[in-house]
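Student: I'd like to ask you about the structure that follows.
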Amino acid sequence: MRSRSPRESPLDLLLHTALDAVIVMSADGKIAEWNDYAGTMFGWRRDEALGRNMAELIIPERLRAAHAEGLRHFLDTGEEGYLRQRIELPALHRSGREFPVEVRISPIELDGGTGFVGCLRDLSARRALQQELHEAERQFRILVESITDYAIYMLDPEGRVTTWNSGAQRIKGYRADEIIGQHFSRFYTEEEQSAGAPAQMLREAAEEGKVVAEGWRIRKDGSRFAASTVLEAIHDQEGALIGFAKITRDITAQRESQELLKRAGEQLLQAGKMEAIGQLTGGVAHDFNNLLTIIIGNLAIAEREVEGLPEGPANRLRRSLASAERGAQRAAMLTQRLLAFSRRQLLDPRPLDLNKLIAAEADFLQRTLGEAIEVEAVGGGGLWRVEVDQNEFESALLNLAINARDAMPDGRKLTLETGNTFLDQNYCRANPEVLPGQYVMISVTDNGTGMTKEVIDRAFEPFFSTKSVDAGTGLGLSQVYGFIKQSGGHIKIYSEPGEGTTVKIYLPRYTGKVTADEGEALESGDVEGRTGETILIVEDDADVRTFLVEALRELNYRTLSAADAPAALRIIDQKNARIDLLLSDVVLPGMNGRELMAEARKQ
Ligand SMILES: Nc1ncnc2c1ncn2[C@@H]1O[C@H](COP(=O)(O)OP(=O)(O)OP(=O)(O)O)[C@@H](O)[C@H]1O
Ligand SMILES: [Mg+2]
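Per this note's numbering, residue 14 is the first one in the sequence shown, and the count goes up by one each step.
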């Protein structure tokens, strides 16, 4: 760069102050003017450049022929071609490095002939910036396109899809070429479409800038999924709406696990409630049962005493006693059902083939329920065995069948079905009172009135009934529930109003061997006995114990008595007495009756 004298003309000043290269070339291709910035850009000083052939100095060699040809063409024909237009070209630096420039060349008059003035701007920086921008954009596009967990796409201002990533394809099922140009309202359910939800979303997003929503959306195959979406308006620099960005996440699985958790919580609460009611009723029923034993026993004694009275009063007394006994027996039956509900029954579980059982049971039920109801039994193949008390199980099926009959006043169909099932972790998470494992499932299905959710929730509660007072006590399902629980099983009602009902019972698979002499009954047998046999009575209630002792003595048995299991075992042990029969209450403090039996058998 050279220093300038103040005498230079304004035009010269302008020329050398410019931040673009300005070069003047004569018709023979020689450089006639070369401003300061041309020096900066090409690496040649003005004094080095002036008079030199311009093409040789700043045009890469491979383009020089084309340059010469263009120049000649203009001089010959006057056709301006690229003159006066902005063009981009590679230029040559003194160092041999090529770099991009934008150029505009105008013809001028020069020393009475034709010349050219060119204005050149270095594009290197801009190109680099563009390249960077392009690369960033490309990477961003790759990022967005490769995201598969989120549907990320754009809409034009009217709501038509303009871009589509692989997450969108995965979640919604459309390929990009199928969906681009289509309106996004097709992702909405029909109800929402007719309610105008998609347009509403766009309006809100345009006004608020952003809308967050959750709802059901439709895949290409028509299936639904739970979606969480964000719709965001995009504006250009002037603030005009140019479209929307939409991000959608499939939250179906998340919703399902929340739902599962909620159900499990409800089930746990339900199980806890049943447990509490069971404890309560169990205690009451047990005491009540003892009182009934005393009442019924004393009624029997009173009946015998009547024998000695004169005919008239004896008959009157007998009638009263019989009526009292009927009442007491009914009360005893009721307490029995309550004991069943509170899982305090004396059960006699044995290995059982439920297919055989339901075949026989279907015949029995058909006869009991009458012609109006068709009873069908469908036994599953290769059914595993279960270990369960047969009598109680039959009575459970009868209870369910009677409920089904009550729900089908015009008669229809009752189906008993069996099958092997595996209750997995998932099932047990939703039904926390069950352990995972192999079960035999027995279902009882009717196509009657069905139940509401409220009725299902309370159906197992004792005394819950929707029937009239004389039609139902509300103990049927309670009894079944308690029995199945006591047998290590699980019971569940599936029903909807108008859709009929299925009650499913699950009993654990029995894996032991089946032996012929399975469970010979120690506690059963005829009590009306040969004289002199000894009976050991184990009963914690003193009144009941006294009554039993007296009653049995009256029947000429020798009796021994104990208030609990340890006392009974001591008697068996110490006296070394021949005890012919052990008569024990099931529920005893500490060791229960069943365990006492097992212990006594060992000795
Ligand atoms: N198969 C069924 N279809 C429709 N509702 C049923 C069915 N089974 C039970 N329910 C409903 O559950 C309630 C409780 O049944 P549950 O067997 O415990 O008592 P109940 O039948 O009313 O009286 P109980 O069995 O003591 O005679 C019934 O009152 C009825 O509302
Ligand atoms: Mg019932």
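Using N, Cα and C, we set each Cβ at its ideal position, and we do this for glycine too.
1) Tell me the start and end of each unbroken beta strand (DSSP E) in the segment 417-473 that is at least 3 residues and wholly inside, in chain order.
2) Report the CB separation of Leu-63 from Ile-44 in whole angstroms; it is logged as a contact under 8 Å.
3) Would you kindly report the start and end of the unbroken beta strand (DSSP E) that includes Arg-522?
4) Examine ligand 2 and report whether any of its heavy atoms sits within less than 7 Å of the Cβ of Leu-490.
5) Kindly examine ligand 1 and report whether one of its heavy atoms sits closer than 7 Å to the Cβ of Val-468.
6) Compute the Euclidean distance between the alpha carbons of Pro-475 and Val-493, then round it to the nearest angstrom.
7) Roughly how many whole angstroms lie between the Cα atoms of Tyr-507 and Ala-417?
8) Alpha carbons only, please: which of Ser-207, Leu-490, Glu-563 and Leu-365 is nearest the one belonging to Leu-410?
9) Hey, how far is the Cα of Arg-522 from the Cα of Ile-192?
10) In chain order, what residues of the same chain lie with their CB nearer than 6 Å to the CB of Asp-263, ignoring the 5 residues before and after it?
11) Taking the alpha helix (DSSP H) that Phe-477 belongs to, which residues open and close that run?
12) Ignoring anything shorter than 4 residues or poking outside the segment 50-99, list the alpha helix (DSSP H) runs there in chain order.
13) Measuring CA to CA, which of Ala-277, Ala-345, Leu-281 and Arg-331 is closest to Ala-637?
14) Indicate the three-state DSSP secondary structure (helix, strand or coil) for Leu-27 in the structure shown.
15) Using the rule of at least 16 other Cβ atoms within 10 Å of the residue's Cβ for burial, across every protein chain shown, is Ile-550 buried or exposed?
16) For Gly-461, is the beta carbon positioned less than 7 Å from some heavy atom of ligand 2?
17) Ligand 1 and Ser-478: does any heavy atom of the ligand fall closer than 7 Å to the residue's C-beta?
18) Once you ignore the five residues that flank Arg-618 on each side, which residues in its own chain have a CB closer than 7 Å to its CB?
19) Looking at Gln-438: is its Cβ nearer than 8 Å to the Cβ of Pro-449?
20) Going by beta-carbon coordinates alone, are Glu-546 and Leu-582 separated by less than 8 Å?
21) Specify the secondary structure class of Val-600 as computed by DSSP and reduced to three states.
22) Return yes when at least one heavy atom of ligand 2 lies under 7 Å from the C-beta of Ile-314, else no.
23) Is it buried or exposed for Asp-539, if we count other Cβ within 10 angstroms and need 16 for buried?
24) Straight-line CA distance for Pro-602 to Gln-271?
25) Could you give the residue range of the alpha helix (DSSP H) that holds Gly-310?
26) Just to check, is the beta-carbon of Ile-504 closer than 7 Å to a non-hydrogen atom of ligand 2?
27) Is the segment 390-397 close to the segment 427-434, with three or more CB pairs under 8 Å?
28) With respect to 7 Å, is the separation between the Cβ of Gly-209 and the closest non-hydrogen atom of ligand 1 below this value?
29) Alpha carbon to alpha carbon, how far is Ala-576 from Gly-487?
30) Classify Tyr-187 as helix, strand or coil using the three-state DSSP reduction.
31) Which value, in whole angstroms, describes the spacing of the CA atoms of Glu-227 and Ala-31?
32) If you count every other CB in all the chains shown that lies within 10 Å of the CB of Gln-499, and 16 or more means buried, which is it?
33) I think Gly-606 touches Asp-598, with their Cβ atoms under 8 Å apart; what is that distance to the nearest whole Å?
34) Please classify Ala-576: does DSSP put it in a helix, a strand, or coil?
35) Residue range of the beta strand (DSSP E) that Leu-168 falls in?
36) According to the neighbour-count rule (16 or more other Cβ atoms, all chains shown, within 10 Å of its Cβ), is Lys-259 buried or exposed?
Tutor: Let me lay it out:
1) 426-436 and 450-459
2) 6 Å
3) 514-523
4) yes
5) yes
6) 11 Å
7) 13 Å
8) Leu-490
9) 53 Å
10) Ile-184 and Phe-238
11) Looking at the DSSP string, Phe-477 is not in any alpha helix (DSSP H), and its letter there is neither H nor E.
12) 59-62, 67-71 and 74-90
13) With the chain covering 14 to 616 only, the question about residue 637 has no answer from this structure.
14) helix
15) buried
16) no
17) yes
18) Limits of the chain in this structure are 14 at one end and 616 at the other, which puts residue 618 out of reach.
19) yes
20) no
21) coil
22) no
23) Residue confidence is low: Asp-539 scores 37 on pLDDT, short of 50, so the model does not pin down where it sits. No coordinate-derived value is stated.
24) 43 Å
25) 265-319
26) no
27) yes
28) no
29) 34 Å
30) coil
31) 60 Å
32) buried
33) 6 Å
34) coil
35) 163-168
36) buried
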